[in-house]
Amino acid sequence: MLHCNRQFTITSQGENMSVGILALVALVPLMLALVLMVGLRWPATKAMPVAWLSCVIGGIAVWQLPASYIAALTLQGLVTAIGILIIVFGAIIILYTLQYSGGMETIQYGFQNITRDRRIQVLIIGYMFAAFIEGAAGFGTPAALAAPLLLSLGFPPLCAVVMCLVFNSFPVTFGAVGTPVVLGFSYLTGLVDEAVQVAAPGVNFTSMEGFNQLVTQWATLMHLPMIFILPIFMLGFMTRYFGKNRKWSEGFAAWKFCIFSAVAFSVPYLLTAWLVGPEFPSLIGGLVGLGIVVFGAKKNFCMPKKSWDFGPSSEWDKEWTGLVSADNSGEFKAHMSQLRAWAPYILIGLILVVTRIPSLGLKGILAGVSIPFTDILGFESVDASIKYLYLPGTIPFALVAILTIFLHRMPAAKAVIAWKEAISKMKSPAIALFFSVSIVSIFKGSGIVDAALNPNNYPSMPLALAEAVSGLAGQTWPMFASFVGGLGSFITGSNTVSDLLFAEFQWGVASSLGLPHQIIIAAQGVGGAMGNMICIHNIVAVCAVAGLSGREGAILKRTALPFLIYGLVVGIMVYLMSFVFLPGVF
823 MLHCNRQFTI
833 TSQGENMSVG
843 ILALVALVPL
853 MLALVLMVGL
863 RWPATKAMPV
873 AWLSCVIGGI
883 AVWQLPASYI
893 AALTLQGLVT
903 AIGILIIVFG
913 AIIILYTLQY
923 SGGMETIQYG
933 FQNITRDRRI
943 QVLIIGYMFA
953 AFIEGAAGFG
963 TPAALAAPLL
973 LSLGFPPLCA
983 VVMCLVFNSF
993 PVTFGAVGTP
1003 VVLGFSYLTG
1013 LVDEAVQVAA
1023 PGVNFTSMEG
1033 FNQLVTQWAT
1043 LMHLPMIFIL
1053 PIFMLGFMTR
1063 YFGKNRKWSE
1073 GFAAWKFCIF
1083 SAVAFSVPYL
1093 LTAWLVGPEF
1103 PSLIGGLVGL
1113 GIVVFGAKKN
1123 FCMPKKSWDF
1133 GPSSEWDKEW
1143 TGLVSADNSG
1153 EFKAHMSQLR
1163 AWAPYILIGL
1173 ILVVTRIPSL
1183 GLKGILAGVS
1193 IPFTDILGFE
1203 SVDASIKYLY
1213 LPGTIPFALV
1223 AILTIFLHRM
1233 PAAKAVIAWK
1243 EAISKMKSPA
1253 IALFFSVSIV
1263 SIFKGSGIVD
1273 AALNPNNYPS
1283 MPLALAEAVS
1293 GLAGQTWPMF
1303 ASFVGGLGSF
1313 ITGSNTVSDL
1323 LFAEFQWGVA
1333 SSLGLPHQII
1343 IAAQGVGGAM
1353 GNMICIHNIV
1363 AVCAVAGLSG
1373 REGAILKRTA
1383 LPFLIYGLVV
1393 GIMVYLMSFV
1403 FLPGVF
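In this text, residue positions in the sequence shown follow this note's numbering: the first is 823, and each later residue adds one.
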């Protein structure tokens, strides 16, 4: 992975070309992907190769990067994409194993005893269960697990995917036991130490750990309004665009249970963030919230008066469905006990927690085993590796899929069918991810500090975009800071990488404009989280699991509105924190 340790400000770093022109060139691959997938409805398998080619042309013609260096970055992207595909395959094999073992139908039967209301089911699975998985694993795992579970309960595949992608937002800042904060902001250590030494204005932290704690606290407050707003809005969105009567009001009718769910999640989420740190807010919030919400649903607490369901699948829009069928007949039977049916998910959660907490020791062991690719095509700065034991696709997904054969006493023939079907689903996401992740590598590698490779010392393509936006925004930057984080996730597919890419830039903007560093950096982390709902990598991956490969544009079109609303609300919060609250506090 390439990183650039230069500190960027809102001025252009290039000598021969303005940052505005650089930003326009960098924007071309992104706009091509959007126009082709959303406007022309091209599948990602066709759109992403075209976007990659435009990125290659921009890198060679404008950034003047050597063609061989571009080739090395592309190969680096291919290696990274293999790691993502391992996660996708693991999620798919879990789904098919449970379907053929009878475990999935048993889970469906169990949900009937909790509630048949689809609005409540999506809050339990897409909101709470996914938040717990995000807190433990991250890396796009929640949507890949939760969406097929919703699909199996009778949700239209397109609806299941959209809901899970959008809900996988506020937990992401603290996903994978705090990795986006702890690792994502690690490049700021020197700048934080310098600010402490010179006692810069507004500095009320004494170390990097203290700075991260402040960022964690402010980030939770930025997320808080949307933790309450998002479930109400998305239930209305679901009933409006996927309901038989196409009414927002049918979703809004469950507002009491939405508020109950938000409180059940946000209280442990906030307490953990403010008292413990960035590692466990999403994990604890999701786990505690899940238990409270399931208990409340069973007791009919705050439940809507009338249950709501999708119309008959025969009346669904053809765009909603894919290769994996959804059974919305509502009639299921148990093939085993609920405990045995849920055992694979319980094992997944336990293994993720045990292997992601550094102090337990397994994280270092698993992460230390990899297939390295160093000095690709002879370029010392271009490296990649596949940490095949640390990737969730192998441990726990594939491991648990194998264990499920014995736990659910599956016939060998059914297990073979499950694995064959899972493998057959990998072609389309592989093509799309190979090209989209290669674009990411070129984007990041374009800003390398090397006169032979980057003769004009231009900033990387994402940084050129960010500098152009910040130059236009000026003192209104707090309204836009989170969108830069979202841009990073949209491009790279990772909140952590977005933070690594843009944290120093955000710090530089805050310094130039006299804004509180901890607030702007928190906005970066929050933006990286909300960007997960429009991230092409995540969309391609979850489409593969839900059998919707080729429908990426349709999904992106539907997740764009929640993303914009999220960014607007966060922008208002950041602006108030920067100019109203903090001046009177510090």
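Every residue, glycine too, gets a C-beta built ideally from N, C-alpha and C.
All values reported here derive from a predicted model rather than from experimental measurement.
Distance, residue j Cα to residue i Cα
i            : j            : result
residue 927  : residue 1084 : 29 Å
residue 978  : residue 972  : 9 Å
residue 1129 : residue 938  : 7 Å
residue 1073 : residue 1056 : 8 Å
residue 901  : residue 1070 : 44 Å
residue 1396 : residue 1079 : 28 Å
residue 1331 : residue 1292 : 7 Å
residue 850  : residue 1358 : 16 Å
residue 1131 : residue 1065 : 8 Å
residue 886  : residue 844  : 12 Å
residue 1209 : residue 1075 : 46 Å
residue 1058 : residue 1052 : 10 Å
residue 827  : residue 1126 : With a pLDDT of 41 at residue 827, under the threshold of 50, the modelled position of this residue cannot be trusted; read the value that follows with caution. Between residue 827 and residue 1126, the C-alpha separation is close to 53 Å.
residue 1175 : residue 1285 : 34 Å
residue 976  : residue 967  : 15 Å
residue 931  : residue 916  : 18 Å
residue 1315 : residue 1353 : 8 Å
residue 1042 : residue 1384 : 18 Å
residue 1198 : residue 1254 : 22 Å
residue 909  : residue 1218 : 10 Å
residue 1278 : residue 1265 : 16 Å
residue 1036 : residue 990  : 23 Å
residue 1062 : residue 1004 : 39 Å
residue 1257 : residue 839  : 28 Å
residue 1031 : residue 1211 : 29 Å
residue 1172 : residue 983  : 25 Å
Buried or exposed (CB count within 10 angstroms, at least 16 for buried), residue i
i            : result
residue 1019 : exposed
residue 1355 : buried
residue 1321 : buried
residue 853  : exposed
residue 833  : Low confidence applies to residue 833: its pLDDT is 42, below 50, so where it sits in the model is not reliable enough to give any reading.
residue 1177 : buried
residue 1196 : exposed
residue 1298 : exposed
residue 1159 : exposed
residue 1380 : buried
residue 1017 : buried
residue 1155 : exposed
residue 993  : buried
residue 1104 : buried
residue 1028 : exposed
residue 829  : Low per-residue confidence applies at residue 829: pLDDT is 42, beneath 50, and the placement is therefore not dependable enough to give any value.
residue 765  : The shown model of the chain, from 823 to 1408, leaves out residue 765, and the question about it has no answer.
residue 1068 : exposed
residue 1360 : buried
residue 890  : exposed
residue 1242 : exposed
residue 1374 : buried
residue 1296 : exposed
residue 1026 : exposed
residue 1390 : exposed
residue 1087 : buried
residue 1294 : exposed
residue 1325 : buried
Residues that DSSP places opposite residue i in a beta bridge
i            : result
residue 1193 : 1208
Can we say the stretch 871–882 touches the stretch 1181–1192, given the rule of at least three CB pairs closer than 8 Å? no
Three CB pairs or more closer than 8 Å across the stretch 1328–1344 and the stretch 935–953: no
Can you give, in chain order, each stretch of the alpha helix (DSSP H) that sits fully within the stretch 984–1065 and has at least 4 residues? 997–1004, 1011–1019 and 1030–1064
Any chance you could list the alpha helix (DSSP H) runs of at least 4 consecutive residues sitting entirely within the stretch 837–865, in chain order? 841–856
Please confirm if the stretch 1259–1272 is in contact with the stretch 866–876, defined as three or more CB-CB distances below 8 Å between the two stretches. yes
Can you confirm whether the stretch 1217–1227 touches the stretch 1163–1177 when touching is taken to mean that 3 or more C-beta pairs between the two stretches lie within less than 8 Å? yes
Report yes or no: do the stretch 1105–1122 and the stretch 1009–1016 share at least 3 C-beta pairs separated by less than 8 Å? no
Is there contact here, the stretch 993–1001 with the stretch 1088–1108, by at least three beta-carbon pairs under 8 Å? yes
Which whole runs of the alpha helix (DSSP H) in the stretch 889–969 are 4 residues long or more, in chain order? 889–923, 925–936, 940–944 and 952–958
Going residue by residue through the stretch 1370–1400, where are the continuous alpha helix (DSSP H) segments of at least 4 residues, counting only ones entirely within it? 1374–1398
Taking contact to mean 3 or more Cβ pairs, one atom from each stretch, closer than 8 Å, check whether the stretch 1363–1377 and the stretch 1243–1252 are in contact. yes
Determine, using beta-carbon pairs with one atom in the stretch 947–955 and one in the stretch 891–901, whether at least three such pairs fall under 8 Å. no
Where in the stretch 1060–1123 do unbroken runs of the beta strand (DSSP E), each at least 3 residues long, occur, reported from the N-terminal end onward? none
Unbroken stretches of the beta strand (DSSP E), 3 residues or longer, contained in the stretch 1249–1304: none
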